[in-house]
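Participant: Let me give you the structure first, and then I'll get to my questions.
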Amino acid sequence: MIKEEDLKQPDEANILQNIKSKFESKQIYTQCGIVLLSVNPFSEIKIYEKNVMKAYYRNFGSVEPHVYSVAENAIQNLPINGNQTIIISGESGSGKTENAKHLLKYLIWRCQGNSNLEELLLSSHFILECFGNAKTQINENSSRFGKYLTLFFENGIIIGGKIEEYLLEKSRITHQSKNDKNFHIFYLILAGMNLSLQNDYIKHKFTEDDLKRFKKLENIFEKNDLISFDTLKQKILSIINLGSLKFIQNEDALEILNEEILEEICINFNLEFGKIKHSLCKNVLCIKNEVMERNNSLEQAVNIRDTLARHLYYQVFQLVIHSINEKLGGKSESSISILDIYGFEVFEENGFDQFCINWANERIQNEFVRRMFIERQNFYKNEEVAWPDITFSSDDEVIELLEGNLGIADLVEEESLNPCGSTNSLLIKINNFNKKRSKLLPTTTPGSIKIDHFAYPVEYLLDDFIEKNMENHKNLKFIDENLCIKLDKFTSNQIDFSDIQEERGLNFNSTNEKVKLFDKISKDNEGSFKLNNKEDNQKNISFIKSFIESMNQLFKVINSTEIHYIRCIRPNRNKEPWNFDSSYVNTQLTTCGIKEITELSRQIYPHIILKNIFHRRYKLINMNSNLFLDGKNYIFVKTHVLKNLEEQRNKQIDLCNGLIVKFMQYFSLHKFIIKVKKSQKINSLKPFKSDHLINESELLNKLENIRSKSKIELEEELQHIKHDIKNILNFYKLNYKNINLKYKYQTEELKKTKQLENEINKLKEINNKLSNEIIAHKELIKDITIIANEVRKEEHYSNNDENVLNINLNNPHEIFSCLIEIYIKNAPLFSNNNVPLNEILSLGHLVYKLVTELSQRYKVNEMSYLNVFIYELNEKIIQFDLSLQNVTFFLSNLLELLTLFNKGINDTILVNNINDTIINNSNENDNSIVNNLTNFISTLFQHMCELQKESISHMIPDSIIYYQPLDKFRCDDNFFKKYFKSNHSVYKLINQLDYLCNMMYYFGIPSSFVKESLNYLLKSINVNCFNRILIEQNFINFNRATQINFNLNEISKFIQEIGFTEGLDALRHTKDVVVLVFLLKNGEDHSSIQSECTSLNVSQLNTFFAKIEGINTNELKNESKEINIFLDDPVLNIPLLSDKHDFIFCLPRYLPSKQITALLSSI
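Heads up: the sequence shown is residues 1 to 1163, going by UniProt numbering.
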């Protein structure tokens, strides 16, 4: 961020030095007002991983500038300010495509919806790169079209999307400059089909990388069920082969040498061969009522061939986009859009394509200036508020030269419609009608014009202006009127291709075989471009007409949204990594008005609030009217003033809340006293003797009669006893709860009264009696359970019993499926009611017994039955995969099962490391029996750890870096942090970690797995906290470090208390940040600090030095060239399984006895 204090005089030198200093410290993003500057490093940089995304997730307030911060800001503003648009602009090769890709990835990750939709959105970027990008002289992956991607949202989730393209560079299909290449897709198709082909369209060979990308592209089309890729390959290959179509000029007529190429393209595109051949060789002229036919020249035939190739490829490109849009589906009124448009271009020779590209950039710059300066200035004027003394450059003169009356576009259009139009005539008209316009510069190059653009002066050769503007009108008359409709055979689903043309404002007219364009193209007074001849508009095709209409439609949509700007900067001309050419960069900063933007951001009032809302919100505060400006309808406030107002308002709200709470407490206590006085029944409360529930003597009598009962009567009696006991316990709990409520609302004032003291004594007596009763009945329940188990052992149910499960005993899948289902429905939960460990781990023992018993009975390898169990468990895991307790329960039983199998294989061999077992699946020994089991355990353990991580994610990093338990070292949070303050403390985090550890031990998870799980959680906490500190601005200082140090010490105490001292190292990066701050406070030099903070690399140290000291010294040299400052997500290691249990299998009490006993008895 370029701060006010950093730029007392925001001239170009100061701004440039700030950006250069950040770039040299490997920081490529700089915030200048509302514009994010992105300097292309021409090198890979690790600042786009998921761990960095997490640092920006829901982060309010002042953070380090990043493309993620722009995306996060757009998401947060969406429900407040309506639809959002992010415009990415800059020179070619400045990194626009990469920034657009990272924006899309963050938006998809942040607003996750349908997984298939997310995958298609990410894949669409790669698809369009293949079809619309190409290698140029200055960029290996240059976008040769403009892309406007809209993501539709509903309840914060992405539900669909739409892609629109603008100004595809069709001329590249047939003509490329020196060292340029055709679109990527051509080389991908040749690589995939292993064809070495060179002709007029293809002048370079494909590479191995092209083959890899071809396979990836083919897989994307098949996986997302897009248009048939095999058919698409044939269509594109036939377009490539058009470059090999040759003609020969005979005395009588022009002939085609290799007609088989033309036949191939007619078959693939369903065209009539006779008509196409005739149009290539003959030219039909209509003069009044006479029709004349004459032979085309060789040059004319080649031009028609190239026009056909360009037109067909454009239709293919449109169809690919249409196919993606159909799959994206889903529309809503809420949206975030990304405009990634081609950058400003200057080559040695610039033609019509560069003219249109730079024209589009002029329009973007013009809209930017209008929105940033002109509209704001007019708004201040209407509100009668003084506008800051800021001068800004406008490109209105350039727009007038391009689009105004008798401007370049108007004259090109006129000359194109003239049958005798020529380049020389166009040049004369442009110079004559625009000689007074200062943006038309003189040039000495014949047949060219020079325009003083906002970026650079550019010289354009006019040779191809007329031809490319009207190429469809002059050269596509011969194409069959059904061309665009017959292209639907690309897909298995019939598509009316005219719909695609309609989306672009085009419609193929069936009567004259021409494209019917827009009826009107008009703009308002600002640089208007008007075409008033309606008949001409309907009869003739013009690229300029289409281009202007497309731009008008685009900016009409954009201007109805809130706009975020990303300006991409190219640091040098030669694509050298981390090389900053100050002069070259300064030119780009000047042309896009960064100085003016920075000055404007300093002087204007960023917060504009309606008067009635402002006064209603802050009516309780004594405000100084000199701190803000009072307009006609709005109040203009600066950020620091608004922050102070919010702080005062919050204090008033806290004061009112305190009064309300006190009143409610008084009211509740008063109501309670009245209730106690009226309630006299409590003196004679005898809940157990007068209640209708059975008493203790009745239970004992029933217990004595148990053995004399029959089997059926016994089951019924047990059910009655359970029901009675349950009712008694519920009654006790209810009375106990009422008593606790009475204690809760007693105060010291009430205890002074004699009446209340007597009441308390009576309640205590009742409470003691209830406690004794509960203890006695717990013992009774225990005795009943013991007797019930003895009865189960003595009595066996016959096979004809109606409760026997209806399963096929010869089908192991049904056996294990039934067993797993029973455990899923009845698995114990982590609570204070302890379940013996041998009962918790009964599933592992039971499965082991079943596998070994079945394998011996049917003479089948144990591995077969074990695989059946794993298969059935994998099928049913979806029933409990979101329940942490159930996942932990099944993991513990699988680990017990693994122990039993390894013990059965060889009692003397320790269980191998699970990772090693997984890697060595090919070992053909006894241990191969458990390979599938170990794989499943590894997956389930990772899933359990992710669920645990999710359970603490809402507390991180707030409970560590924002929680302030020490009042003496309290830090002032910014407005957003205070407004969205969370109530998560480090103690809540510790309680949750303790809960997770106790849960794992309760379910019998081995200690090595518990420690690895806890270590993974601590490392995740460390990564999240460290990365968040990195992106925070004006955050880390001595007081903040003291608070963080206290929180870390509390976690360290907890780790030591549970005996996991090796886990202390997991938090080392965050701890070293604290140490760094303390050492700087003591005046230690950077080298000494580096020797103490060993976990931090040089780039991280320099970053923190710059944050704390306010300067980018880069004193520590990075010899290892390590530039990654963010921590990666931790890796989960699978530990050794060393714990063993010597249990005797017993039937657990938490399972339904009928079902499980019937299942086991049947087997």
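The C-beta atom is built at its ideal place from N, Cα and C for all residues, glycine as well. As the structure is a prediction and not an experimental result, all values here were calculated from the model.
What residue ranges within the stretch 268 to 340 form continuous alpha helix (DSSP H) runs of no fewer than 4 residues, ordered along the chain?
Facilitator: 273 to 281 and 298 to 328
Participant: Express the C-alpha separation of valine 860 and arginine 1149 in angstroms, rounding to a whole number.
Facilitator: Using only the alpha carbons, I get a separation of about 32 Å.
Participant: Inspect the beta-carbon positions of arginine 567 and glycine 90 and report whether they are closer than 8 Å.
Facilitator: yes
Participant: Rounded to the nearest angstrom, how far is the Cβ of valine 35 from that of isoleucine 597, given a contact under 8 Å?
Facilitator: 6 Å
Participant: Where does glutamine 318 land, buried or exposed, given buried means 16+ other C-beta within 10 angstroms?
Facilitator: buried
Participant: What number of angstroms, rounded off, separates the C-alpha of glycine 33 from the C-alpha of glutamate 400?
Facilitator: If I take the Cα positions, the gap works out to 29 Å.
Participant: Taking C-alpha atoms, which residue in Leu78, Pro812, Phe368 and Tyr618 lies nearest to lysine 863?
Facilitator: Strictly speaking, residue 863 in this sequence is methionine, with lysine absent from that position. It is Pro812.
Participant: Can you tell me the Cα-Cα spacing of leucine 257 and isoleucine 157, whole angstroms?
Facilitator: 58 Å
Participant: For the stretch 832 to 840 against the stretch 814 to 824, are there 3 or more C-beta pairs whose distance is under 8 Å?
Facilitator: no
Participant: Going straight from the alpha carbon of leucine 1079 to that of glutamate 1050, what length do you get?
Facilitator: 22 Å
Participant: Which two residues bound the contiguous beta strand (DSSP E) that contains threonine 231?
Facilitator: Secondary structure note for threonine 231: it is in no beta strand (DSSP E), and the uninterrupted alpha helix (DSSP H) holding it is 229 to 242.
Participant: In or out: aspartate 395 buried (at least 16 other Cβ within 10 Å) or exposed?
Facilitator: buried
Participant: Helix, strand or coil, according to DSSP, for cysteine 1146 in the structure here?
Facilitator: coil
Participant: Can you tell me the Cα-Cα spacing of isoleucine 236 and glycine 351, whole angstroms?
Facilitator: 26 Å
Participant: Which two residues bound the contiguous beta strand (DSSP E) that contains leucine 149?
Facilitator: 146 to 154
Participant: Taking just the CA atoms, how far does glutamine 249 sit from serine 297?
Facilitator: 8 Å
Participant: With a threshold of 7 Å on Cβ separation, who are the neighbours of phenylalanine 816 within its own chain once the five nearest residues in sequence on each side are excluded?
Facilitator: Val868, Phe869 and Glu872
Participant: On a CA-only basis, which of Asp1128, Asn1097, His1086 and Gln879 is nearest residue 1179? Give me that one, please.
Facilitator: What is shown of the chain runs 1 to 1163, which leaves residue 1179 out entirely.
Participant: Return the chain-ordered list of same chain residues with a C-beta closer than 8 Å to the C-beta of aspartate 1129, the five sequence neighbours on each side being excluded.
Facilitator: Glu49, Lys50, Asn51, Ser1020 and Val1023
Participant: DSSP on alanine 13, reduced to helix/strand/coil?
Facilitator: helix
Participant: For glutamine 365, write down the residues that DSSP places opposite it in a beta bridge.
Facilitator: Paired residue(s): none; glutamine 365 is not in a bridge.
Participant: Can you tell me the Cβ-Cβ gap for glycine 330 and isoleucine 159, rounded? I've got them flagged as a contact below 8 Å.
Facilitator: The Cβ separation is near 4 Å, so the contact holds.
Participant: Could you please give me the residues that DSSP links to glycine 161 through a beta bridge?
Facilitator: Leu151
Participant: Output the distance between the C-alpha atoms of glutamate 1092 and leucine 1018, rounded to the nearest integer angstrom.
Facilitator: 22 Å
Participant: Using only CA atoms, which one of Tyr106, Phe614 and Glu260 lies nearest to alanine 74?
Facilitator: Tyr106
Participant: When the Cα atoms are used, what is the spatial distance from threonine 114 to leucine 104?
Facilitator: In the sequence as presented, threonine is not what sits at residue 114; that position holds asparagine. Between asparagine 114 and leucine 104, the C-alpha separation is close to 15 Å.
Participant: Do you know offhand how far isoleucine 548's Cα is from isoleucine 451's?
Facilitator: Looking at the two C-alpha atoms, the distance is approximately 19 Å.
Participant: From the DSSP output, in three-state form, read off histidine 607 for me.
Facilitator: strand
Participant: In the DSSP output, what is glycine 90 paired with across the bridge?
Facilitator: Cys568
Participant: What is the DSSP secondary structure of isoleucine 449, reduced to helix, strand or coil?
Facilitator: Strand, per DSSP.
Participant: Using the DSSP secondary-structure output, state which residues sit across from asparagine 133 in a beta bridge.
Facilitator: Ser143
Participant: Classify isoleucine 449 as buried or exposed, calling it buried when 16 or more other Cβ atoms lie within 10 Å of its own Cβ.
Facilitator: buried
Participant: Got a sec? Which residues, its chain only, sit under 6 Å from glycine 407 by beta carbon, not counting five neighbours each side?
Facilitator: Leu401
Participant: Which two residues bound the contiguous beta strand (DSSP E) that contains cysteine 32?
Facilitator: 29 to 32
Participant: Take every Cβ of the stretch 338 to 350, pair it with every Cβ of the stretch 141 to 156, and state whether three or more of those distances are shorter than 8 Å.
Facilitator: yes
Participant: Along the beta strand (DSSP E) that carries residue 1165, what are the first and last residues, could you check?
Facilitator: The chain is shown from 1 up to 1163; residue 1165 falls before or after that span and cannot be answered.
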